[in-house]
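Everything on this sheet refers to the single structure shown next.
In the numbering used here, the protein residues as written are 7 to 300.
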């Protein structure tokens, strides 16, 4: 059975929330038993991911509402707002990890010698989190690309940030176990930089979609091909595209033979309109203007 984009997003989001809840319980218990502050912070990070995934589900529900008199072009841009919020949250996650590193830098010895007999438990919990969250990142980003969802892409990066955070926890726990707590500090700073870069890219993409930027070159080429494959089109005079949330609006001008009737020109314009919207799934609406040949 073919699922709608909203159904796909809900399916991914529910799986994500269940897995994050289980990881929160696992890392929280391991962190408490081992006395690992980095693993406890990592557990809290998984808990915040449940909230971010909830935002994605709300965004999909609102952006999928049909057009109304107050919003005649629909509600797709709500998803961009959600993606922007998630990007800002990701900035906060990166800042929190960097701050944690700064605290450890002031007194790295304070985190050493506290794991006792539970260091292997802490390492195992961090390793499980890394593998699970990286798999969730790949699974979520694959779905996001299929349905062209900026908010789901942002949520995927929340999964990867959690995996990076867990790498920091594993590195820190291992460093402490080996007697080198400064390793935990360095890992925190490096991971925070990676997360800042991901957060910037997500926010930049969300803003680009909110200011009616043009579609990317591959989509434009695909639309041009659909138009020029019509044998009645003598030339493609103009084409403009604008991103609207996860969708695309297209305006085109084509030249047709001036000797054809008005009814024929109208029919050809409809064929172009229907072909673009049928073959290019991300196109929400295509407006076709016909110019007569000279």
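All C-beta atoms in this analysis are idealised placements derived from N, C-alpha and C, irrespective of residue type, glycine included.
The alpha-carbon separation between residue 128 and residue 104 amounts to approximately 21 Å. Within the same chain, 162, 165, 166 and 169 come within 7 Å of residue 143 by CB-CB distance, once the 5 residues on both sides are set aside. Distance from residue 146 to residue 158 at the Cβ level is roughly 6 Å; contact confirmed, criterion being Cβ atoms closer than 8 Å. Pairwise C-beta distances place the segment 188-204 out of contact with the segment 222-231, as fewer than three of them are shorter than 8 Å. Within the DSSP secondary-structure output, residue 256 pairs in a beta bridge with 247 and 292. With a threshold of 16 other beta carbon atoms within 10 Å, residue 72 falls short and is exposed. Here the alpha carbon of residue 59 sits roughly 17 Å from the alpha carbon of residue 151.
Contact check for residue 82 and residue 206: beta-carbon distance about 23 Å, past the 8 Å limit, so the pair fails to qualify.
Minimum Cα-Cα distance from residue 99 among the listed residues 32, 74 and 53 corresponds to 53. A distance below 8 Å between beta-carbons, with the five flanking residues on each side excluded, links residue 219 to the following residues of its chain, in chain order: 248 and 249.
One Cα belongs to residue 271, the other to residue 290, and the distance between them is close to 22 Å. Within the same chain, 49, 52 and 53 come within 6 Å of residue 30 by CB-CB distance, once the 5 residues on both sides are set aside. Judged by DSSP secondary structure, residue 230 falls within the alpha helix (DSSP H) whose first and last residues are 223-234.
For residue 272, the enclosing alpha helix (DSSP H) covers residues 268-285. Linking residue 260 to residue 216 through their CA atoms gives a straight-line distance of about 28 Å. In terms of Cβ geometry, residue 107 and residue 188 do not form a close pair [threshold 8 Å]. Under the three-state reduction of DSSP, residue 237 is assigned to coil, being neither helix nor strand.
Cβ neighbours of residue 238 within its own chain (closer than 7 Å, five residues either side excluded): 262 and 274. Taking residue 212 as reference, the option from 63, 79, 101 and 86 with the minimal CA-CA separation is 86.
CA-to-CA, the gap between residue 79 and residue 126 works out to about 55 Å. Spatial neighbours of residue 136 in its own chain (CB-CB distance under 8 Å, excluding positions within 5 residues in sequence) are listed in chain order as 169, 172, 173 and 176.
The closest CA to that of residue 201, considering only 300, 149 and 96, is found on 96. Under the criterion of beta carbons closer than 8 Å, residue 279 and residue 294 qualify as touching, at roughly 5 Å.
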